[in-house]
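Novice:
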Amino acid sequence: MIKIKNVYLIGLLGIIISSCQSDSKKSTTTKAFEQLIKSQNGESVEQPDDYALENSQAKVSYTSDGVSFFNKNESLTCNVIVKQNNHFLEIHFQIFGEESKAVQINIQKVPLDFKLPLKIPFANLHLTDEDTMQAILTGMDLAAPEASLGFGIPFEGHLTIKKMNQKNITFDAVGKGGDYMASENPESWKNIKLNAELINPMITTIGIEKSNIFK
Numbered sequence: 006m007i008k009i010k011n012v013y014l015i016g017l018l019g020i021i022i023s024s025c026q027s028d029s030k031k032s033t034t035t036k037a038f039e040q041l042i043k044s045q046n047g048e049s050v051e052q053p054d055d056y057a058l059e060n061s062q063a064k065v066s067y068t069s070d071g072v073s074f075f076n077k078n079e080s081l082t083c084n085v086i087v088k089q090n091n092h093f094l095e096i097h098f099q100i101f102g103e104e105s106k107a108v109q110i111n112i113q114k115v116p117l118d119f120k121l122p123l124k125i126p127f128a129n130l131h132l133t134d135e136d137t138m139q140a141i142l143t144g145m146d147l148a149a150p151e152a153s154l155g156f157g158i159p160f161e162g163h164l165t166i167k168k169m170n171q172k173n174i175t176f177d178a179v180g181k182g183g184d185y186m187a188s189e190n191p192e193s194w195k196n197i198k199l200n201a202e203l204i205n206p207m208i209t210t211i212g213i214e215k216s217n218i219f220k
């Protein structure tokens, strides 16, 4: 299982990176957080380049029974965080809207020598310790009263990564699910679809060099 501390650090790192997008150089806060990861885990960190910090964007269609998560013309930014964990990779895609909406995708147990297209099954809410690839997808609107329940979480189905280089990443997902409370109630599950293109994503790698992942 991905350790809670690591998930917290990775998620917070993504938020900090996204908030620094308007700066032409990495902020003091981002650099300090990079040092925090190093001190906590003893791992090297490779941060996004300046061009990505200023030019990251995403094109996303994310629906649950036809209801869209993002507004039609909403401006989106994106982070990608990859961490080597023994002989596997953890991959995190983060997509941020203009205000309080964000999409988080966590993938575990990706082989170091993975090939595209890469098809990953969704876990039923919780990533497990099994030596198989699994993914969790959720949308969060922090301004909404029901924010803690999540939006469009697939409990079955799959995510497929089709392209993955430093300039462009594309993936889609199809599945059935709902909010957190629906995980044990299959009859209430809705059709969930996601199509995403990440353009000039802000990429951070932990414990591995970008050149070993993104071709």
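Note that our numbering has the sequence shown beginning at 6, numbered continuously upward.
Idealized CB from N, CA, C, for every residue including glycine.
What does the alpha-carbon distance come out to for the pair Val-115 and Tyr-56?
Specialist: Approximately 27 angstroms between the Cα atoms of the pair.
Novice: Can you look up Pro-191 in the DSSP assignment and give me helix, strand or coil?
Specialist: helix
Novice: In the structure shown, what three-state DSSP assignment does Glu-59 receive?
Specialist: helix
Novice: What do you get for Leu-147, buried or exposed, if any count of 16 or more other CB atoms within 10 angstroms of its CB means buried?
Specialist: Counting of Cβ neighbours within 10 angstroms places Leu-147 among the exposed residues, the total staying below 16.
Novice: Should Lys-168 go down as buried or exposed, given a rule of 16 or more other Cβ atoms within 10 Å for buried?
Specialist: Around the C-beta of Lys-168, fewer than 16 other C-beta atoms lie within 10 Å, and the residue is accordingly described as exposed.
Novice: Three or more beta-carbon pairs under 8 angstroms between the segment 182 to 189 and the segment 200 to 218, yes or no?
Specialist: Contact between the segment 182 to 189 and the segment 200 to 218 is absent, because fewer than three Cβ pairs lie under 8 angstroms.
Novice: Rounded to the nearest angstrom, how far is the Cβ of Gly-180 from that of Ile-166, given a contact under 8 angstroms?
Specialist: The pair is not a contact, with the Cβ atoms about 15 angstroms apart (cut-off 8 angstroms).
Novice: Take the Cβ of Val-50 as the centre, count every other Cβ of all protein chains shown within 10 Å, and call the residue buried at 16 or more, exposed below.
Specialist: buried
Novice: Kindly identify the DSSP beta-bridge partner or partners of Ile-211.
Specialist: Val-50, Lys-88
Novice: Specify the secondary structure class of Leu-147 as computed by DSSP and reduced to three states.
Specialist: coil
Novice: Would you identify the three-state DSSP class for Met-169, choosing helix, strand or coil?
Specialist: Look at Met-169 here: in three-state DSSP terms it is strand.
Novice: Measuring straight from C-alpha to C-alpha, what distance separates Phe-74 and Phe-98?
Specialist: 16 angstroms
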